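The structure under discussion appears below in the form of structure tokens.
Chains as they are written, first to last, in the working numbering: chain A, 1 to 391; chain B, 1001 to 1489.
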């Protein structure tokens, strides 16, 4: 079913209710291989629900339809010296998909990029939504202003919900001024036990870095400008005017006394957030967000270079987000190396069918998850089973 | 508004409920009339009601036991932090247990490396900053009542403050929370996969559960902060200046507006040294590294002068502190001038500021009432204070009608009913001005997912069919303000 308006979605969902038809909601179709495999009776194609609804650069507010390509939004904002703060990522290369990555998909998967360490994730930027719920009712939530506590914050819920709660028809974001200049530095010869700790020191400084990633040598090989980084490289991206970049560069040298930061020239963070360096790997790819307040699991830990569980990995968000290609973990039934917070971003259909894709939930939380699903979509019409078995 | 009638079947069981609570929290049950008087409301002073009984747990296990009991026995329960809500979020009910979290006030863990502090819900907002400022950090959300309000209440209300334009609301600085549900189960919520339940707990006004532990983000103290005061000969000029600063891609750390009446009140109250004779003043902070602050201050000063302002910069830290103390004292200062006051809390798109400010002045004339404007200009969050005298025939009704018209105007220009004070009981019946039946039904279904029996903080946020039409405001009745000297918004 191809729909072009909210009214058509309402009709489609009401029909699906009557016939008990499960719908796979598809925009650009670039992320269909992410999540548990769904068995749906029909596809609800929302890609034509596309375009800018309103954009007020002077207000820093943007409202778009969910099928709007990320590229279109980026081009429009960039022409006005602005951007989306959560740095939404196109995962096509990683997932081996064709098609056009859309904003609705990026929000539904919470595909937040490296700059989220500075500005926050999709949930921190989505101010308001319009959507159609599983009752076939169009509703709105949130607002179109930056400060609003009127009613429950339902826009937060749809971020990362994998389209299991409602069909989005309109999204309103706050946008940010885009600083005029960007510089990226590599701090080389840092072993994994030191790299993330150093990044956290930079993160705790007033540099306001919009990229803080660590690459072990195997990952650094994928970047021509830092291929020769010794034991590993910490990458720092700073932004601002020429004057503020000069001040920040000097501050960075103070924080990192040993070894001159190398200006990497081209920005390596685009290829970090997209996960594309994992595209050639045949292994399962996971993305793990660490506990917010626990000593870093890197402390005192040095992974052996040829360790079987760690063929390729990178740490983004100042060490708080670990991407890795792993032979262990959910696909083999072996315990993950660290803790919960792990999402299986790419794996075969068979693996995703039989293993967890999203972090398993304790019973009390799982009960809330099911109740929330039922509050939006009691018949399980939308992407059933995409997140958890019954969700 | 009429306070909800108490359920006689619960009142009849009061002795039994008190006894059960005493068994669960032996040293923390307040049930005598005099003791309960201290818990008979929050900072929405127009409404006071003694709770059925008040329980003050010290541990999350005690909270869980109390909620389990309330859930199983069908007794409504109202959570309370410091009781500083301006919207009646913690207003008790005669047939409900009031659960006060103020005794759970330990800072559990300071994790500097991960910039995270884990606290119990009764820790005050300011105590978090106090715990980490010696190491060069602070907690960014800063509601003006921060010396008294608790982090549990901040999460429930998704509190803002002066600096949320740049640093976000509570929800953007909350990393994880442990929630006790009405079934007495304890659930840890963070944002590392699965539904963002943490995101809906923030700002849920105590309708979904009780937070018993939270981890918040701390920020490095900015190395440089500079403060400008821009004095305008007309209020719309100030509004234009705000819109131009935002449109210019500048994100000030704070940008606050006060009009002439408010400036005069504050001068009389604490003499911060605001410019005399101005129709309005903007107080603007820029913070960060030196080069960025210098550039921002130069550009802001240029824009302000272009809008006809006289611009002055605070020369030292003492003057900065004085300027901000004055701003935070606006509410108690106004409270001394007028017998009664209503405070609104709508947010509007910033470019609408000149239009809305002009329209509000017209409305004040139409209603024949005085009012003053003080607000978080940077994010368009208005706090008009309507001045009246409840002893004069019809003034209360006119003030309430004026207030409701202001909120309708906010919604009409694309804004919202409340930017940071919450809906509570105060703006509950105005919700249909902003939300359709379908919108409200979806929110209420979420409530049902957490609390099917509707026992948690009943009567808040959602209009009920039987409720009479209410206005959105904070009512300060005949100077009867709790914490009259507590800085506000």
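Backbone N, C-alpha and C define an ideal beta-carbon position, used for all residues, glycine too.
Just so we're clear, the structure is a prediction, and the values are computed from it rather than from any experiment.
- Going along the chain, which unbroken runs of the alpha helix (DSSP H) with 4 or more residues stay wholly within the stretch 259-290 of chain A? 269-273
- Query: Which residues bound the beta strand (DSSP E) around residue 1176 of chain B?
  - Reply: 1174-1180
- Item | residue 1034 of chain B burial status per 10 Å Cβ neighbour count (16 or more: buried) | exposed
- Query: Can the beta-carbon of residue 1209 of chain B be found less than 8 Å from the beta-carbon of residue 1462 of chain B?
  - Reply: no
- Item | Alpha carbon of residue 217 of chain A to alpha carbon of residue 291 of chain A, nearest angstrom | 25 Å
- Please check if any C-beta of chain B sits within less than 8 Å of the C-beta of residue 184 of chain A. no
- Would you kindly work out how many angstroms separate the C-alpha atoms of residue 330 of chain A and residue 324 of chain A, rounded to a whole number? Any reading at residue 330 of chain A is ruled out, since the residue's pLDDT is 45, under 50, leaving its predicted position unreliable.
- Report the three-state DSSP secondary structure of residue 91 of chain A (helix, strand or coil). coil
- Segments assigned beta strand (DSSP E), at least 3 residues, entirely inside the stretch 132-161 of chain A: 138-142
- Message: If you reduce the DSSP assignment to three classes, tell me which class residue 255 of chain A lands in.
- Response: helix
- Along chain A, which residues have their Cβ under 9 Å away from the Cβ of residue 1042 of chain B? Correct list: empty, because the minimum Cβ distance to chain A is about 16 Å.
- Message: Do residue 77 of chain A and residue 432 of chain A count as a contact pair if the criterion is CB distance below 8 Å?
- Response: Outside the displayed span of chain A (1 to 391) sits residue 432 of chain A, for which this structure offers no information.
- What residues in the stretch 100-116 of chain A have a beta carbon less than 9 Å from any beta carbon of chain B? 110
- What do you reckon, are the CB atoms on residue 169 of chain A and residue 66 of chain A nearer than 8 Å? yes
- Taking the alpha carbon of residue 1283 of chain B as the point to measure from, which residue in B:1302, B:1122 and B:1258 has its own alpha carbon closest? B:1258
- Message: On the criterion of 16 or more Cβ atoms from any shown chain inside 10 Å, does residue 1109 of chain B qualify as buried, or is it exposed?
- Response: exposed
- Message: Give me the chain A residues within the contact set of residue 1164 of chain B, using Cβ-Cβ distance strictly less than 7 Å, ordered along the chain.
- Response: 147
- Message: Counting only beta-carbon separations shorter than 8 Å, does residue 1255 of chain B have a partner in chain A?
- Response: Using a Cβ-Cβ cut-off of 8 Å, residue 1255 of chain B does not count as an interface residue toward chain A, since no Cβ of chain A sits closer than that to its own.
- Message: For residue 133 of chain A, would you say it is in contact with chain B, using Cβ-to-Cβ distances shorter than 8 Å as the test?
- Response: yes
- Query: Does residue 1434 of chain B get closer than 8 Å to chain A when you measure Cβ to Cβ?
  - Reply: yes
- Query: So which residues on chain A does residue 1351 of chain B lean against when the C-beta distance must stay under 9 Å?
  - Reply: In chain order, 56, 58 and 59 make up the part of chain A whose C-beta sits under 9 Å from the C-beta of residue 1351 of chain B.
- Query: The alpha helix (DSSP H) with residue 1129 of chain B in it runs from where to where?
  - Reply: 1125-1132
- Task: Spatial neighbours of residue 299 of chain A within its chain, please: CB distance less than 6 Å, with the 5 preceding and 5 following residues excluded, ordered by chain position.
- Result: Because the pLDDT at residue 299 of chain A is just 47, under 50, the model does not fix this residue reliably, and the value given afterwards should be weighed accordingly. Within the same chain, residue 299 of chain A has no close Cβ partners at all.
- Message: Please classify residue 1493 of chain B as buried or exposed, where buried requires at least 16 other C-beta atoms within 10 Å of its C-beta.
- Response: Outside the modelled stretch of chain B, which goes from 1001 to 1489, sits residue 1493 of chain B, for which no answer is possible.
- Query: residue 315 of chain A by DSSP, collapsed to three states: which one?
  - Reply: In the three-state scheme derived from DSSP, where H, G and I count as helix and E and B as strand, residue 315 of chain A is classed as strand.
- Taking residue 140 of chain A as the query, report the chain B residues whose CB atoms sit under 7 Å from its CB, ordered along the chain. 1439
- Nearest residue (CA-CA) to residue 85 of chain A, options A:71, A:96, A:95 and A:117: A:117
- Message: Looking only at its chain, what residues have a beta carbon closer than 6 Å to the beta carbon of residue 1067 of chain B, apart from the 5 residues adjacent to it on each side?
- Response: 1180, 1182 and 1184
- Task: Pull up the DSSP beta-bridge partners for residue 54 of chain A, would you.
- Result: BP columns for residue 54 of chain A point to A:63.
- When A:238, A:361, A:277 and A:259 are compared against residue 222 of chain A, the one with the closest alpha-carbon: A:277
- Message: Could you compute how far the alpha carbon of residue 33 of chain A sits from the alpha carbon of residue 270 of chain A?
- Response: 21 Å
- Task: Quick one: grab the DSSP three-state call for residue 1439 of chain B.
- Result: helix
- Task: Answer yes or no: do residue 232 of chain A and residue 220 of chain A have a C-beta to C-beta separation smaller than 8 Å?
- Result: yes
- Query: Cα separation between residue 1213 of chain B and residue 285 of chain A?
  - Reply: 33 Å
- Give the straight-line distance between the Cα atoms of residue 45 of chain A and residue 120 of chain A, rounded to the nearest whole angstrom. 29 Å
- Which residues, in order along the stretch 1283-1295 of chain B, keep a beta-carbon less than 7 Å from a beta-carbon of chain A? 1288, 1289, 1290, 1291, 1292 and 1295
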